[in-house]
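Report on the following structure.
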Amino acid sequence: MLSNNYLQSELINSKFLIGVAIALGLAFLLTLLSVFNLFSTELVFGLIGFSFLLLLCLNFYVFIVFFLILIFTPYVYSIHNAILISPFILLSYILSFSLTEDEKVDNPIIKYFLVYILFAIVSLINAPKTKFTAFEALNLFTLFLFIYLFPKAYKDKINLTYFFYLFVALVFFHSIYVLGESIIEKGRAFGLLSVFYIDLAGLGSLYSFIFMIRFKGILKYIFFVAFTIILAGLIATQTRNAWLSTALSFLILLLFIFFKGKNFSINRKFVFYLITIFSVILISIFAFFSNYNQIDITKRLNEKTHKVTLTKDPYSIGENSFISRLLIWHTAVNAFFKEPIIGIGLYSFKYTSKKYSTIPKEFYEIYVEDKTPHLTLLEILVETGILGFIAFLIFLFRVFYTLSQTMKLIQNTEQFFQMLPVFISLIYISISMLMTEAWLYGQLLIWFGFIIGIMIVNRNLFLKDKFQQNK
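Residue numbers (the working numbering): -14 to 456.
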């Protein structure tokens, strides 16, 4: 008798092939109609894109890989395109798994996240009733989909590290673009992804470093090249917060490997060797950008210590980003005191900040208008109030508690390297959240969802392995 997994696989493959045929036929028909001016070109491309999404939805695993690639596309609208199509994740899951038995999968995080969602929804009472806040709420919906569906869909998968390999490859190619832009423009560069690139590059450098340790032979050199290029791209952004987040994460990673790696056949001398190489590469990259590329990186490092004399002219702030953020934080604190319990509304600060601003109009329009509070915890506190803030902290605590419990379940070197990218991702994200709000939006929020989902999958697989060994 054929197994349920085999029947499910055959069913999904059949639906996928049928979908390919239908999508190609529809695309050909729409192209013909466009040629004969029966449809506008914009409508045709829109329908073809929609057909392509429906095609991908027939296989959940293919759609998730596509969604990861989509992280590395630039913003088209004020809300990232990946967030806008996130409801297709749910459709893809339904199409791929609806005919199988819904086996219960342990998820130690979802109920805590649902509590936060509840208070976030309550905060919408005070949010402006516009299409923008509705679309922004899709960010939270997307994170929910990853936390809830990912462990269910991948419950039988042994190793999901290939997501990190693909992530490194995508960051690597974009880093080449950033370096080219920086050299040509002789200044700061972010590439197509704007400021969202910096944290992706920080994580990409950490993953590359981990895989340099894990692999031998040609793969070690491939990840060495990736590490060097990505680190150079990160430095080319001249972004202090990302440098600090990456540096602290590297320090924690090295200490963790130094003390825990010996249990999994990792040579401490080799770790010291990599640290030396890392230091040489870092100094060389800084020297290159400071001299050849005519970029004053030390200016970026010392910018906060420069004396600024404020006048009635809003441009007297100059390039001091700390003072400009103080103006945002002042407005955010005003907003919090207006609605301290349930907040001013999820994702609404940048749309309503004018109501809470007490700074001169000229300063507000340049430094505050259409901007977020720039700190994750501050934004959560202001927009969802004390209730939402406490719920979010409990959710984060549960994430790190689950991480700790999963790390204790590791029994071999393979599992160690399965969890090491997850471990350092959450360390990096927690540090970065103290300096930016970007993890609540778009690409970074999606990758945060990937990390939590992969962690839960690994936890359940490790528990299953331990249970089988103890039988």
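Built from N, CA and C at the ideal position, the CB exists for glycine as well.
Proximity of the region 187 to 199 to the region 166 to 179 falls short of the contact definition, fewer than three beta-carbon pairs being nearer than 8 Å. The alpha-carbon of F241 is positioned some 20 Å away from that of I437. F401 places its beta carbon less than 8 Å from that of I395. Taking one beta carbon from each stretch, the region 72 to 79 and the region 326 to 341 have fewer than 3 pairs nearer than 8 Å; the two do not touch. Pairing N397 with K140, the inter-Cα distance amounts to about 20 Å. Residue burial is scored here from C-beta neighbours: R444 has at least 16 other C-beta atoms within 10 angstroms and is therefore classed as buried. Between N124 and L419, the CB-CB gap reaches or exceeds 8 Å. Here Y147 is exposed. Its C-beta has fewer than 16 other C-beta atoms within 10 Å. Taking the C-beta atoms as reference points, V353 is found no nearer than 8 Å to I329. Judged by beta-carbon spacing, I195 lies beyond the 8 Å limit of G427, meaning their Cβ atoms are not closer than that value.
Unbroken alpha helix (DSSP H) stretches of 4 residues or longer found wholly inside the region 381 to 452: 398 to 417, given in chain order.
Every alpha helix (DSSP H) stretch that sits fully inside the region 191 to 269 and reaches 4 residues is listed by chain position as 203 to 221 and 225 to 245.
For Y97, same chain residues with a beta-carbon under 7 Å away, outside a window of 5 residues either side, are I379, F380 and R383 in chain order. With 16 or more other CB atoms across the displayed protein chains lying within 10 angstroms of its CB, F348 is buried. The Cβ atoms of G434 and I132 sit closer than 8 Å to each other.
DSSP, reduced to helix, strand and coil, places K171 outside both helices and strands of the structure shown, so it counts as coil. The DSSP assignment places 66 to 69, 72 to 82 and 95 to 108 as complete runs of the alpha helix (DSSP H) inside the region 49 to 114, in order along the chain (cut-off: 4 residues). Distance from the CA of Y62 to the CA of K137, rounded to the nearest whole angstrom, comes to 31 Å. C-alpha of M392 to C-alpha of I237: approximately 15 Å in a straight line.
Counting the other Cβ atoms within 10 Å of the Cβ of L43 gives 16 or more, which makes it buried. For Y336, the enclosing alpha helix (DSSP H) starts and ends at F334 to T337.
Excluding residues up to 5 positions away in sequence, T369, L372, G373 and A376 lie with their Cβ nearer than 6 Å to the Cβ of F104 in the same chain. Counting along the chain, the unbroken alpha helix (DSSP H) around L123 starts and ends at L123 to A138. Apart from the 5 residues on each side of it in sequence, W432 sits with its Cβ closer than 7 Å to the Cβ of I56 in its chain, given in chain order. Per the coordinates, the alpha-carbon of Y413 lies some 15 Å from the alpha-carbon of L362. The residue among K346, I344 and A317 with its C-alpha nearest the C-alpha of Y332 is A317. Closest in C-alpha terms to E324, from the list L38, K340, S309 and T127, comes K340.
Cβ contact annotation for K451 (same chain, cutoff 8 Å, sequence separation greater than five): L394 and Q396, in chain order.
A distance of 8 Å or more separates the beta carbons of M197 and L128. Assigned with DSSP and collapsed to three states, K356 falls in coil, not helix or strand. Exclusion of the five residues before and after I365 leaves G373, F374 and F377 as the residues of its chain whose Cβ lies within less than 7 Å of its Cβ. Contact between F175 and S193 does not hold, since the beta-carbon distance rounds to 19 Å and is not under 8 Å. Rounded to whole angstroms, Y150 and F157 show a C-alpha spacing of 11 Å. The three-state secondary structure of L145, taken from DSSP, is coil.
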